[in-house]
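Colleague: Mind having a look at this structure? Questions to follow.
Shown next as structure tokens:
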């Protein structure tokens, strides 16, 4: 069947998985650090990071040792019992977050984190609406998908959304002012929009949003699922604007690639949820929370957010020019605006041994590498881009898919 159809590898018959994306022509069987190894023996420099999830790369010694040790002690146990790993991870995550966000609820994914954050926003009031930003991507579940721009037209499928959503243009103060009234339960934003192509929201706009949420009593939710965990040079991207939201959602790199997510909330928002109001079977399990604590310690001790900014500067210095016309984003969440279609550049980079990604904007090549990349890796990418540019632009009809 076609893209996104039933079957493994696009196969239409027999048993198999439901495809999430068109598959790239490689099967990964191993890796170390920023390098991946394919089944045919080829090596690839990973500038995609598993959708920004492999925060510390492959085979990180601390994470491997943590997982092995925890699996040998307590593999899983219910939320009905106390777990030292869960308690420690919650304390460390709250300490990592901006001051005032002290309560943590562990889940399994970013969509689940956003789902629960939105649910908190509606608890204890009669509000009917959420305000979201054009270009946003917040997940594919019911509430999170309702707040994802364009989802209803492309894939949402449910006959109705669980609440009304007002989408406003990026960085448009007038639209923000009109949308934020006492009927809005929440405003949900990505300080740097990932799927849109690593597009930062203006700091002045975010500060105004904070003031309007205060005035209307709306919950300010910062979706940091892709842009958080030190990737943009701060613990969370919204900190660059000097803004403290009411809720932060986090996942992807939170446990270094192990499925995990979390809602981090101010006390007054968390207090809306009584016993049993939030629930999860696997969220907060011992393997995930042991890895969360290990990732947080590694980020702190390795000073990886500061390193991300240094690598950003190198990418901007060495990778601009040729088929790259402009670079946007922050830290190690960057969008390279390309002359030819980004999908064509991505495919040519794959031939050069570099794995990168695309975005909703067909002219944006998205970079979300592990925070551990070094100067040699940036120079490897730059040389690959130079070789591609030296070959000239593709002819019409040879661009590849977008």
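Residue numbers (the numbering used here): 50 to 451.
Don't be surprised by glycine CBs; every beta carbon is placed ideally from N, CA and C.
Can you tell me whether residue 163 is buried or exposed? The criterion is at least 16 other CB atoms within 10 Å of its CB, across all chains shown.
Modeller: On the chain shown, position 114 is the one that residue 163 refers to. Classification for residue 163: buried.
Colleague: Can the beta-carbon of residue 103 be found closer than 7 Å to that of residue 419?
Modeller: Taking the chain shown and counting its residues from 1, one reaches residue 103 at position 54. Taking the chain shown and counting its residues from 1, one reaches residue 419 at position 370. Yes; because the gap between Cβ atoms is below 7 Å, this pair is in contact.
Colleague: Name the residue from 406, 434 and 432 whose alpha carbon lies nearest to the alpha carbon of residue 244.
Modeller: Numbered from 1 along the chain shown, position 195 holds the residue referred to as residue 244. The candidate whose alpha carbon is nearest that of residue 244 is 406.
Colleague: Please go through the stretch 288-341 and give each complete alpha helix (DSSP H) segment of 4 or more residues, from N-terminal end onward.
Modeller: Fully enclosed alpha helix (DSSP H) runs of 4 or longer: 316-319.
Colleague: In terms of alpha-carbon separation, which member of 127, 157 and 189 lies closest to residue 340?
Modeller: Residue 340 sits at position 291 when you count from the first residue of the chain shown. That would be 157, whose Cα lies nearest to the Cα of residue 340.
Colleague: So is residue 289 in contact with chain B if we call contact Cβ pairs under 7 Å?
Modeller: Here chain B cannot be found, since the structure has a single protein chain.
Colleague: Enumerate in chain order the residues of its own chain whose CB-to-CB distance from residue 284 is below 6 Å, with the five nearest sequence positions on each side excluded.
Modeller: Here residue 284 refers to the residue found at position 235 of the chain shown. Excluding residues within five positions, the ones whose Cβ falls inside 6 Å are 145.
Colleague: Relative to the C-alpha of residue 435, which residue among 136, 143, 195 and 367 is closest?
Modeller: The count along the chain shown starts at 1 and reaches residue 435 at position 386. Out of 136, 143, 195 and 367, 367 has the C-alpha closest to the C-alpha of residue 435.
Colleague: Taking the alpha helix (DSSP H) that residue 355 falls in, what are its first and last residues?
Modeller: Mapped onto the chain shown, residue 355 falls at position 306. Start and end: 353-367.
Colleague: Which runs of the alpha helix (DSSP H) fall wholly inside the stretch 199-249 and span at least 4 residues, in chain order?
Modeller: Correct list: 200-203 and 222-228.
Colleague: Closer than 6 Å by C-beta to residue 397: which residues in its own chain qualify, once you throw out the five before and the five after it? Chain order, please.
Modeller: In the chain shown, counting from the first residue as 1, residue 397 sits at position 348. Once the five neighbours on either side are set aside, the close Cβ partners of residue 397 are 437.
Colleague: Based on Cα-Cα distance, which residue from 107, 89 and 67 lies nearest to residue 96?
Modeller: Counted from its first residue, the chain shown places residue 96 at position 47. The shortest Cα separation from residue 96 among 107, 89 and 67 belongs to 107.
Colleague: Would you kindly check if the distance between the Cβ of residue 270 and the Cβ of residue 235 is under 7 Å?
Modeller: Your numbering for residue 235 matches position 186 in the chain shown. Your numbering for residue 270 matches position 221 in the chain shown. A contact, by the Cβ cut-off of 7 Å.
Colleague: On the three-state DSSP scale, how would you describe residue 107?
Modeller: Stepping through the chain shown from its first residue, residue 107 is reached at position 58. Correct three-state label for residue 107: strand.
Colleague: Evaluate residue 115 with the Cβ neighbour count: other Cβ atoms within 10 Å of its Cβ, from every protein chain shown; 16 or more gives buried, anything less gives exposed.
Modeller: Working through the chain shown from its first residue, we reach residue 115 at position 66. Result: buried.
Colleague: Just reading off the alpha helix (DSSP H) that residue 259 is part of, what are its end residues?
Modeller: What you label residue 259 is simply residue 210 of the chain shown in a count that begins at 1. Where residue 259 is concerned, the enclosing alpha helix (DSSP H) stretches over 252-265.
Colleague: Extract the residue ranges of the beta strand (DSSP E) inside the stretch 56-142, only unbroken runs of 3 or more that lie entirely within it.
Modeller: DSSP runs (the beta strand (DSSP E)) wholly in the stretch 56-142: 77-81, 84-87 and 92-95.
Colleague: Assuming residue 345 and residue 142 form a contact by the criterion Cβ under 8 Å, report the distance between their Cβ atoms to the nearest whole angstrom.
Modeller: In the chain shown, residue 345 corresponds to position 296, counting from 1. In the chain shown, residue 142 corresponds to position 93, counting from 1. Correct: roughly 7 Å between the Cβ atoms.
Colleague: Is residue 370 helix, strand or coil when you go by DSSP?
Modeller: The sequence position of residue 370 within the chain shown is 321, counting from 1. DSSP places residue 370 in strand when its eight states are reduced to three.
Colleague: Quick one, are the C-beta atoms of residue 239 and residue 272 less than 7 Å apart?
Modeller: By one-based count along the chain shown, residue 239 stands at place 190. By one-based count along the chain shown, residue 272 stands at place 223. In contact: residue 239 and residue 272 (Cβ atoms closer than 7 Å).
Colleague: For the beta strand (DSSP E) containing residue 385, list its first residue and its last residue.
Modeller: Along the chain shown, read from residue 1 onward, the residue named residue 385 stands at position 336. 382-387 is the extent of the beta strand (DSSP E) around residue 385.
Colleague: Verify whether the separation of the beta carbon atoms of residue 279 and residue 348 is less than 7 Å.
Modeller: Within the chain shown, numbered from 1, the residue matching residue 279 stands at position 230. Within the chain shown, numbered from 1, the residue matching residue 348 stands at position 299. Contact: yes.
Colleague: In this structure, does DSSP put residue 146 in helix, strand or coil?
Modeller: Numbered from its first residue, the chain shown carries residue 146 at position 97. In this structure, residue 146 counts as coil in the three-state DSSP scheme.
Colleague: Is residue 363 near residue 427, with beta carbons less than 7 Å apart?
Modeller: Position 314 of the chain shown, counted from the start, is the residue given in the question as residue 363. Position 378 of the chain shown, counted from the start, is the residue given in the question as residue 427. Contact flag set, yes.
Colleague: Need the endpoints of the alpha helix (DSSP H) that residue 171 sits in, please.
Modeller: As a first step, residue 171 must be located in the chain shown, where it is residue number 122. Per DSSP, residue 171 belongs to the alpha helix (DSSP H) from 159-171.
Colleague: Rounded C-beta distance between residue 456 and residue 374? I'm assuming under 8 Å.
Modeller: Nothing can be reported for residue 456, as the shown portion of the chain is limited to 50 through 451.
Colleague: Secondary structure at residue 428, three-state DSSP: helix, strand or coil?
Modeller: Translated into the one-based positions of the chain shown, residue 428 becomes position 379. Helix at residue 428.
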